[in-house]
Structures are given as structure tokens and as C-alpha cells.
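Number of protein chains: 2
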Amino acid sequence: MQKEKLLMTPGPTMIPPRVLEVMGRQIIHHRTKEFEDVLDGLQEDLKFVFQTKNPVLMFASSGTGAMESAIVNMFSPGDKVLVVSVGAFGDRFAEIAKVFGLDVQKLAVNWGETVNVSEIEDILNKDVNKEIKAVLMTHNETSTGVTNDVEAVGKILKGTERLLIVDAISSLGGLDLQTDNWGVDVVITGSQKALMGPPGLAFVSVSDKAWEAYERSTLPKFYWDYKKFKKAILKETSENPPYTPAITLITAQAEALKMMKEEGLQNVFERHKKLALATQAGVRALGLELLPKQEDSSYIITAVKAPEGIDVEKIRKIMNLKYDIMITGGQKHLKGKIFRIGHCGYVNKFDLVKTFAALEYAFDEVGYNVEAGASVAAVQKALK
Amino acid sequence: MQKEKLLMTPGPTMIPPRVLEVMGRQIIHHRTKEFEDVLDGLQEDLKFVFQTKNPVLMFASSGTGAMESAIVNMFSPGDKVLVVSVGAFGDRFAEIAKVFGLDVQKLAVNWGETVNVSEIEDILNKDVNKEIKAVLMTHNETSTGVTNDVEAVGKILKGTERLLIVDAISSLGGLDLQTDNWGVDVVITGSQKALMGPPGLAFVSVSDKAWEAYERSTLPKFYWDYKKFKKAILKETSENPPYTPAITLITAQAEALKMMKEEGLQNVFERHKKLALATQAGVRALGLELLPKQEDSSYIITAVKAPEGIDVEKIRKIMNLKYDIMITGGQKHLKGKIFRIGHCGYVNKFDLVKTFAALEYAFDEVGYNVEAGASVAAVQKALK
Numbered sequence: 039m040q041k042e043k044l045l046m047t048p049g050p051t052m053i054p055p056r057v058l059e060v061m062g063r064q065i066i067h068h069r070t071k072e073f074e075d076v077l078d079g080l081q082e083d084l085k086f087v088f089q090t091k092n093p094v095l096m097f098a099s100s101g102t103g104a105m106e107s108a109i110v111n112m113f114s115p116g117d118k119v120l121v122v123s124v125g126a127f128g129d130r131f132a133e134i135a136k137v138f139g140l141d142v143q144k145l146a147v148n149w150g151e152t153v154n155v156s157e158i159e160d161i162l163n164k165d166v167n168k169e170i171k172a173v174l175m176t177h178n179e180t181s182t183g184v185t186n187d188v189e190a191v192g193k194i195l196k197g198t199e200r201l202l203i204v205d206a207i208s209s210l211g212g213l214d215l216q217t218d219n220w221g222v223d224v225v226i227t228g229s230q231k232a233l234m235g236p237p238g239l240a241f242v243s244v245s246d247k248a249w250e251a252y253e254r255s256t257l258p259k260f261y262w263d264y265k266k267f268k269k270a271i272l273k274e275t276s277e278n279p280p281y282t283p284a285i286t287l288i289t290a291q292a293e294a295l296k297m298m299k300e301e302g303l304q305n306v307f308e309r310h311k312k313l314a315l316a317t318q319a320g321v322r323a324l325g326l327e328l329l330p331k332q333e334d335s336s337y338i339i340t341a342v343k344a345p346e347g348i349d350v351e352k353i354r355k356i357m358n359l360k361y362d363i364m365i366t367g368g369q370k371h372l373k374g375k376i377f378r379i380g381h382c383g384y385v386n387k388f389d390l391v392k393t394f395a396a397l398e399y400a401f402d403e404v405g406y407n408v409e410a411g412a413s414v415a416a417v418q419k420a421l422k
Numbered sequence: 039m040q041k042e043k044l045l046m047t048p049g050p051t052m053i054p055p056r057v058l059e060v061m062g063r064q065i066i067h068h069r070t071k072e073f074e075d076v077l078d079g080l081q082e083d084l085k086f087v088f089q090t091k092n093p094v095l096m097f098a099s100s101g102t103g104a105m106e107s108a109i110v111n112m113f114s115p116g117d118k119v120l121v122v123s124v125g126a127f128g129d130r131f132a133e134i135a136k137v138f139g140l141d142v143q144k145l146a147v148n149w150g151e152t153v154n155v156s157e158i159e160d161i162l163n164k165d166v167n168k169e170i171k172a173v174l175m176t177h178n179e180t181s182t183g184v185t186n187d188v189e190a191v192g193k194i195l196k197g198t199e200r201l202l203i204v205d206a207i208s209s210l211g212g213l214d215l216q217t218d219n220w221g222v223d224v225v226i227t228g229s230q231k232a233l234m235g236p237p238g239l240a241f242v243s244v245s246d247k248a249w250e251a252y253e254r255s256t257l258p259k260f261y262w263d264y265k266k267f268k269k270a271i272l273k274e275t276s277e278n279p280p281y282t283p284a285i286t287l288i289t290a291q292a293e294a295l296k297m298m299k300e301e302g303l304q305n306v307f308e309r310h311k312k313l314a315l316a317t318q319a320g321v322r323a324l325g326l327e328l329l330p331k332q333e334d335s336s337y338i339i340t341a342v343k344a345p346e347g348i349d350v351e352k353i354r355k356i357m358n359l360k361y362d363i364m365i366t367g368g369q370k371h372l373k374g375k376i377f378r379i380g381h382c383g384y385v386n387k388f389d390l391v392k393t394f395a396a397l398e399y400a401f402d403e404v405g406y407n408v409e410a411g412a413s414v415a416a417v418q419k420a421l422k
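Protein chains in written order, with my numbering: chain A, 39 to 422; chain B, 39 to 422.
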């Protein structure tokens, strides 16, 4: 008997039934009091999850579009930036910056590692002419299951003219990210991960320092133009938002953020942490190893090394087709070498128990020796 | 007793219950056979409604984003283009082209008129050095309720090196637009109008001639990069689509296009035409005048002049709050001077009958003398 597919993936993540109910409603028009009220409420709740006092802009786009928006709104051709890359999404940020003519200095690490913050400090200290205008980094790198220390990088940049721009697409709402307190100038995220909405919306917070950079930026922009969206939020124009918005995704996102407020932001973070630590315990009980060092391992997604001689894609296939649970494989050169378990957004302890029960069956089926119930017991114990 | 709000607006338009049902389903992952099948089916159906053999690209974005995409994929800074503007959306196309450094020659008409195609011909004939690389135009201008003759412009450009780029956001799927036959190189549309989907998706068809222009284009592009999407459609990459797509909007759009295929494309066009002619009959019976000449008046949306001394915004308010029917007002300098009735997408004859019944009440309430039932009878007769 088949049941609903359980997505233990880094995004899209499962959508709560309350949010699905909103998705299934007839469309409302965007130039109405009713929709304006939705936007106003969503704006307040976005500030809450972004931990910022600044307006949070919203685009009908994938997260990648919002990454592009940060480049074209903050910079001019030839501007030098330091891009910290610890995986596929950091690489993407560097690629976008290059396409738009920025002078990209890339600080990369081996996949599975986090950045050593003192290396960033060294690079910036050596940049005596202050040519580096900004540091671009990924908060949580889903391709390798690691989390960078954004707070520490914020401390280095605080009080300087340099911007800190953070891709928090897979982290915001799941990991603590104190936008204002930590001095993050631009925070980018998407609807389809910890925020529990369907994909298709992206959100961006912009600090006062970033608005100054906006005024200097000469890269052409129209669809992504931050100022139009800010004016709309501040009600300095009747065109709010500037173009026909993705109405249904917005009403759905508003509902999902209400749920996060009801649970409480610290409780949401705590839940993600507990699920991650339980996943690590389950992985150990299976006799497997994490890809990253344990202290670097993400609370959003756990990357696990495939045991020697085991076809991890076969494991994933069994999980998906036989047990209706999707986990993720490796990207780029890690394909076939790792698998990844997402525990982000609308996930609770029983989803994890079920996942490890199925993992035990799947490993057993491919001839990898597992002690029945051991990993499930480890998960249960960790989540007691 | 209140009933569901009826949107007689140019977009978003009403969503069929079959499509809403799909919207309310739990999310599926985008890297699955199941979603690949949805994409493949949608691709075929998009070609069908676009009347093209070329792949139709798809973006998570508003229609405006897809307009920007055409500029950055087809041109280089300094390229000269002729932008035909007959209203607010033609103006927007010119504005986007200017922002990206194109040399824009604008051919504008009074609002409410269509372009005189011989004027385009004259301009192109005078351009003996062939500096003008493309003609950009709006197919159906929702701000003024007129439809331009794209076929005629296509004939002028056929066999030349110049591109024809058409904003068909409010027309495609409601008005006949023979992309390949008429020689339209880039056709842009959105999900939320005649295609009966929720807003948040945009679609673009690209001709062989346009792909040659793509190769010459030097404007920087990443999110909008057409080649990445083409490769995905042609399955030359495993990343299909390149970024996390707006999954739910896509599955919903696939369902809506199935409905259009079931009805038959010519039948859909015929329905829009009949509804438009019936609307015109109803307007006449109310003693009102169209904004455009009758032969220019759109089959998607009818723009009607407000009678002297009648507050059209009050009419709209009564329609909306008392009778749960949304019609639209005028944009920019036409605000307060016209109202617009959309009859686009999921609309049938009884929606129109209801709309005119309510219009009669509303006009009566503001002191404009209407003969009870006259406009409804005219609509009914026209739709017999």
C-alpha cells in the first residue's frame, strides 16, 4: 500500500495541509484590499523570520533569480568581490558575479568543509586599497551539508564599507540568521525550503548600507530593480507589487509563516537542530560516516558518505519507489559518493523514524549488513 | 448572500476548479520521472497553443520578467530597435529596452488606437542602412483594449534579418497568434490570462532566426539565459529545468492546457470572439461607447468610455463589494475615464450575462438611466 510521498530533500520540502488548502482556493485579484492585507501581514512576518527591521522584497522567481538580483542591484561592472564557495551553490554565486562583469576573487574549500573565517580576514587585511567591495557567501550549502559561520564573517565586516551578502536560500527559517544583529546587508532566500511554501517566490532583505550601494550601482536592472519593490512596500506607489505577483504562492507563503510564528522561531530552530543530531545518531548506528566533520554538519541537511561497494543510487531508488521516501544523492563530483537526508521545514520526529526504518530495509536489500532497528532506536533515543 | 468573486479582469483570470484541485495537491519533487512527464506533456501543449514547432522556454517570473528576458537574450548595448507602443504595456517594453542600453525608436499612437502597419513599413523602408534590428510590439494591449495586427507586421519582416518580438502576455491562447506561420521570432506570454493558470510563470518561444540573434547578443544574462532552458528541454543536460522550478504552478498549467486542448484551440478563439462581440452589444445597449474603434476592439478585454458625470470608480466599487464582480478601471491618464471588462480565459456566456445584470444595477444606483434588462438581452441575443 502506497502512502503520500515523503520528501526528505533539501527543497522543495513538504507543504503543510493548511498551506495546501490555501493553494487550492480560487484566485483573488492583486489590486484589492484583501490582497493588500495579505501583503502587509506577510511583510511583517518576513521581517520576523529574517530578524530584520528592513523591508523584505519579494520576487516571482527561483532563488537563483534573487542571487542575480543582488549582483545587479549592488554592483557595477569591474567591482571586485570575494566569493566564498564551499560547494555547488557558492560556485553558482561566483558564476553569476562573473557573468555580470564583476572581478571575482574566489575562496574555495574542499567539498564537505566550511570556510575558515580567518582566511577571509587575511584576504581582507591584505586588500589595503579596499578594492574588495563585498563578501558573498552561502549560509547553508546543501550540496555538501555544511553550514558556514555567517555571524563571524559579519563581525569582521561590521563598521567597514564592505557589504556582506548571504545566500540563505536553504537556511533562512531553519537556522538562526540574525540579519540585523550580525550585520548581513543582503539576505536571499526562497519559499520552498525552511519557509514551507511551494517554489516560485524569492525574498531579499536589504540593509541601509546596501541601499547606499544600490545608489552607486550602474548595472542595468528592471525586473529585479529593488527600489520599485521598496517603494511598493512603503506604499509610495499604488503599484504594489510592481508587476502581477504570484498571488497564490504569496497567500500560501503567508499561511506558512503564520505557522512558523505559532511554533515560535526559536522552537523551529531547536526542532531543526534536534532532527539533525538525531539523523547523525542514526547514521552512526548504521555504521556510516558524515561527509563533513560533525561540528560543520548542517542542521538542514545531512550528507552521508556511501559505504564502499554500495550503489547509493540504488538505495535512493528503493527508498523512492518501494517506500515512497525521497532522499537526495550527490551533486557534480560527489554523485554516487554520498547521499543526503533533508530535515528541513515541515518535518517532525516521526518522519525521521520512518526514514531510518526504510533506510535499514534498503541497505539490507542491497546487501549491506545492518542491525535491524538499531538506527531507528538511535534516532528515537536522540529525539526523546 | 455572497458568492465567489467573479473576476472579469484582464489578469489574473478565474482558475478552473480542475486546475485548483491540482494546485491543492502535495508537492512533488522536480528531479523525478513523474515531474519529467509533466514537463514533457506541458512542452507539447505549449507548442500547440503557441502554434510553433520550436521549444517553448519557461521561467518562474511575471510576464515583465519574460519581456526583460527577450531584451537581454536578443540584443547588445547600442542595438537599435523599433518599439511600437499603443498603451501602458508597449511603453513598458520601450522602457525595459532603454534600461538595457538599446537605442529605442518609439512609434506611439493615441491611447485607444492600434498601430497603422504602413507606418512601421515606412520607418523600416527609410532605415536603408538596416540599423533597426527588431520590431517590438504588443499583440493585445490590455490598458486600452485594442489588438494590433501582428500578422501584417510579420509579412513586412519575413525574409529580412530583422526580428519580430511580440508581447502576447494577454493574448496568447485567447487570440489567434500563428507564431511560425506569421514569422514571429519571440513570443512572450504569462500563465495568468488566457492560459487559465495562476500567475508566476512566463513562457517564451524562440525562432531559429532568434537563436542566431542570441549568439550575437552580448548583454549579460544568467537567470534568463535562453540556452540553458533550451538545453534542458532538448535533454542535453540533466538539470531540467536549470533551477528549482515553480512546481505547483507548472503542474497546474499543464492541467489548464489539457482543458484548452479538449475544447480545441479554434473553439477557444471563437468563444473569446463571441464573448467580445456580445460585450460590445451590451455596451451599446447601455448607451455607452467603446474607447477604441469597433474594428480595433480587443476580443480579450473591452474598454468602455465612462459616461459624462458618472464616477466610474464608484461603479467598480458597487460591482465589487455589492455584487462580487471585479471589472477594471483605466490606467495612467485614462484613470476615471474608462472601465474595462475582461472576458479572457475561463469565462462563459453566463458570466457575461451576470456581469451585465450587475452593471445595470450599478449604473442605476449612481443615477445613470438604464433600461432594465436591455443590455442583458443584447448580450443574450449576441450569444444565442
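Even glycine gets a Cβ: it sits at the ideal position worked out from N, Cα and C.
Source: prediction; values computed, not measured.
For residue 240(B), no alpha helix (DSSP H) segment is defined; the enclosing uninterrupted segment is the beta strand (DSSP E) at 239-244. Around the Cβ of residue 319(B), a 10 Å sphere holds 16 or more other Cβ atoms; the residue is buried. Its chain contains 101, 207, 240 as the residues whose beta carbon lies nearer than 6 Å to that of residue 228(A), once the 5 sequence neighbours on both sides are disregarded; these appear in chain order.
If you draw a straight line from the Cα of residue 75(A) to the Cα of residue 339(B), it comes to about 28 Å. Nearest neighbour of residue 378(A) by Cα position, chosen from 202(A), 54(A), 182(A), turns out to be 182(A). Interface annotation, residue 260(B): in contact with chain A, CB-CB separation under 8 Å. DSSP lists 176(B), 226(B) as the bridge partner or partners of residue 205(B).
Residue 191(B) is not a Cβ neighbour of residue 225(B), given a cutoff of 8 Å. The contact set of residue 238(A) on chain B, defined by CB atoms closer than 7 Å, consists of 98, 238, 284, 287 in chain order. In this model, residue 306(A) and residue 58(B) are separated by some 30 Å (Cα to Cα). In the structure shown, residue 141(A) adopts extended strand secondary structure according to DSSP, grouped into three states.
Assignment of residue 340(B) by DSSP, reduced to helix, strand and coil, places it in the strand class. Among the residues of chain B, those whose CB is under 7 Å from the CB of residue 230(A) are 282, following chain order. In this structure, the alpha-carbon of residue 262(A) lies about 22 Å from that of residue 288(B).
Nearest C-alpha to residue 49(B) among 322(B), 179(B), 333(B), 346(B): 179(B). Look at residue 169(A): its C-beta is not under 8 Å from any C-beta on chain B.
For residue 111(A) against residue 281(A), the beta-carbon gap comes to about 16 Å, at or over 8 Å, which does not count as contact. Counting along the chain, the unbroken alpha helix (DSSP H) around residue 73(B) starts and ends at 71-88.
Of the residues assessed, residue 309(A) falls on the buried side of the cut-off, its CB having 16 or more other CB atoms within 10 angstroms. Cβ proximity to chain B below 8 Å picks out 133, 134, 137, 138, 139 from the region 131-142 of chain A. In the same chain as residue 96(A), and ignoring 5 residues on each side of it, the C-beta atoms closer than 6 Å to its own belong to 241, in chain order. In this structure the region 111-128 of chain A lies against the region 143-161 of chain A, because at least three pairs of beta carbons, one per stretch, are closer than 8 Å. By the 16-neighbour rule on beta-carbons within 10 angstroms, residue 266(A) is buried. In chain order, 88, 89, 90, 225, 243 place their CB closer than 7 Å to the CB of residue 217(A), counting only its own chain and leaving out the 5 sequence neighbours on each side. Within the region 173-187 of chain A, not one residue has a Cβ closer than 8 Å to any Cβ of chain B.
Excluding the 5 residues flanking it on each side, residue 384(B) has same chain C-beta neighbours closer than 8 Å at 51, 52, 53, 54, 234, in chain order.
Judged by their CB atoms, residue 330(A) and residue 286(B) are not nearer to each other than the 8 Å cut-off. The contact set of residue 364(A) on chain B, defined by CB atoms closer than 8 Å, consists of 67, 70 in chain order.
Residue state for residue 170(B) is assigned as strand, using DSSP reduced to three classes. Put simply, of 186(A), 413(A), 278(A), 387(A) the residue whose alpha carbon is nearest the alpha carbon of residue 154(A) is 186(A). Counted as a single uninterrupted DSSP element, the alpha helix (DSSP H) harbouring residue 112(A) occupies residues 101-112. With contact defined as three or more Cβ pairs closer than 8 Å, the region 348-355 of chain A and the region 65-83 of chain B are not in contact. Contact check for residue 223(A) and residue 245(A): beta-carbon distance about 4 Å, within the 8 Å limit, so the pair qualifies. The three-state reading of DSSP puts residue 380(B) in strand, counting E and B together.
Neighbourhood of residue 49(B) in chain A, by CB distance below 8 Å: 282, in chain order. Taking each of 346(A), 362(A), 361(A) in turn and checking the Cα distance to residue 406(A), the smallest one comes out for 346(A).
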